[in-house]
Amino acid sequence: MPAVLLAVAFGIAVVVWAVGGERLPGGRWLAVHLFTLGVLSNLVLAFSDHFGTTLTRSPATSPTARLVLADVGAAAMLVGVVQGRRVLLAAGATALTAAVMWSWWQLRGMRTQAVGARFAWIVRAYERAHGMFVHGALLGVLMGLGVLSGPWYVSARIAHLHVNVLGWGGLTLLATLVFFGPTLARTRIEPGADDRAAVVLRHGATGLSIATLLLLATGVGGVLGIIVRCLAAVALGALAWAATATCGAVVRAGLRSHGAPARWAVVAVCLWFPAVVWADVAVVAYGWWDRLDALGVAVGMGVLLQAIIGVLAHVAPMLRGRTFAGRDRLVARFERLAATRVVVFNAGLLAVVVATVIGGVVGAVLSRAGWGAVGAVVASHVLAGLFPVRTAPGAPAVSRVVTRYRRDG
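Residue numbers (the working numbering): 39 to 447.
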């Protein structure tokens, strides 16, 4: 619950900075990092701990101290960059990295002590994602302190984007989707999907690590830089294949589901993820760096934000409903127009992505329309989860999910 509240608070700040734009301190850069360091990191730390504990059957520990350390560090980092205070930037980065390493140590302890846990490999994937965050943070600090400049700054920025977005957020999400995607869709995992994912995600994570190093090395420039960039694209292909194989199984499971509010959101996330990574392979191979902004919008909104919305819609009834009847009413809220909201969200997202690519007057119109559609869907989910429910404890079930479960016994 604290992580969700912190994520919501940072999310509100993201909206404020996204609307305010360059008129506010930090502008677009701060809006992006409020999302990655505030919204995304809080949820990754909290859900990694929760699922790690569940999957390894380990004793539960409170992540509150780690979350506080991470958020204080993130806030110090952001203020340090915006105000040009290098000491504050370094101190914040140290605190945030320490929180992530603390979480990594907890996850490693859970996994090594688990005996015969079917999904222990998922916790290993979480560990690798945590390690990628540390490398991304190091690159970010080196850029923020002005240690890197010229072509090496550009290559470090590209590597930083890949390891943080596709590693810290993406790898964590991919591993979680294997078992939690079908749960969100209220269906069963496809037979053999976890065994296949355990293999391909291991290779995909290794490919991303290699690609990050190669992207950093493109700073050498010249013919050698082109060769290194093409090798990085090949390495990213391993992650793209892992995303395709993993998400394909979740899509098939989701399409078998009936009536779950998050069903279509899960399917949409699993369609966007491999598409974005394969597009990234092409961008890296040809050096189309001006297309990275469009890919960033696609992965940030189509994959990460849409997954966060789906998860919050799933957990909101449990967090907000005080009785079974109250939880049932909340589930019914999210069921209403669920497919329509997903269509509107993704249509808006597509409009924003296209607008980012084409620019100009047409792009500006598409962008405003797209952001309006996305904002309306996000607002509808927030209001559905926060608006209080008043119902008698013994009221009859109204949600399709509860009605079906009672009918099927």
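Note that CB positions come from ideal geometry on N, CA and C, so glycine has one too.
1. Select from Ala112, Val120, Val335 and Ala45 the residue whose C-alpha is nearest the C-alpha of leucine 62.
2. With distances taken Cα to Cα, identify the nearest neighbour of histidine 200 among Gly397, Val380 and Leu177.
3. Output needed for leucine 222: all residues of its chain with C-beta closer than 6 Å, excluding positions within five of it in sequence on either side, in chain order.
4. Could you work out which residue in Phe383, Ala131, Leu424 and Gly397 is closest to glycine 413 when comparing CA atoms only?
5. What residue range is occupied by the uninterrupted alpha helix (DSSP H) comprising alanine 291?
6. Kindly list the residues whose CB is nearer than 7 Å to the CB of histidine 71, restricted to its own chain and excluding five residues on each side of it in sequence; keep chain order.
7. Report the residue ranges of all alpha helix (DSSP H) runs contained in full by the region 185-264; include only those spanning at least 4 residues, in chain order.
8. By the three-class DSSP mapping on this structure, what secondary structure does histidine 296 have?
9. May I have a chain-ordered list of the alpha helix (DSSP H) segments no shorter than 4 residues that lie completely inside the region 42-101?
10. What is the DSSP secondary structure of arginine 374, reduced to helix, strand or coil?
11. Considering only the beta carbon of each residue, do leucine 343 and glycine 423 sit closer than 8 Å?
12. Since glycine 401 and alanine 393 are thought to touch, with beta carbons under 8 Å apart, how far apart are those beta carbons, to the nearest angstrom?
13. Return the chain-ordered list of same chain residues with a C-beta closer than 7 Å to the C-beta of alanine 345, the five sequence neighbours on each side being excluded.
14. Would serine 100 be called buried (16 or more neighbouring beta carbons within 10 Å of its own) or exposed?
15. Against chain D, does histidine 88 count as a neighbour if the rule is that its beta carbon must be under 8 Å from one of theirs?
16. Buried or exposed: which applies to glutamate 60, given that a residue is buried once 16 or more other Cβ atoms fall within 10 Å of its Cβ?
17. Specify, as a first and last residue, the run of the alpha helix (DSSP H) that alanine 124 falls within.
18. Give a yes or no on whether the C-beta atoms belonging to tryptophan 310 and valine 380 are separated by under 8 Å.
19. If distances are taken between C-alpha atoms only, which option among Val153, Ala69, Trp143 and Gly147 comes closest to alanine 113?
Result, derived from the coordinates:
1. Val120
2. Leu177
3. Ala300, Val304, Gly348 and His352
4. Selected option, being the one with the closest Cα: Phe383.
5. Boundaries of the alpha helix (DSSP H) harbouring alanine 291: 260-293, taken from the DSSP string.
6. Leu116
7. Fully enclosed alpha helix (DSSP H) runs of 4 or longer: 188-199, 210-222 and 231-255.
8. coil
9. 65-71 and 79-94
10. coil
11. no
12. The Cβ separation is near 4 Å, so the contact holds.
13. Leu211 and Val307
14. exposed
15. The displayed structure is made up of one protein chain only, and chain D is not part of it.
16. exposed
17. Checking the sequence shown, residue 124 turns out to be arginine, not alanine. Its alpha helix (DSSP H) spans residues 124-151.
18. Contact: no.
19. Ala69
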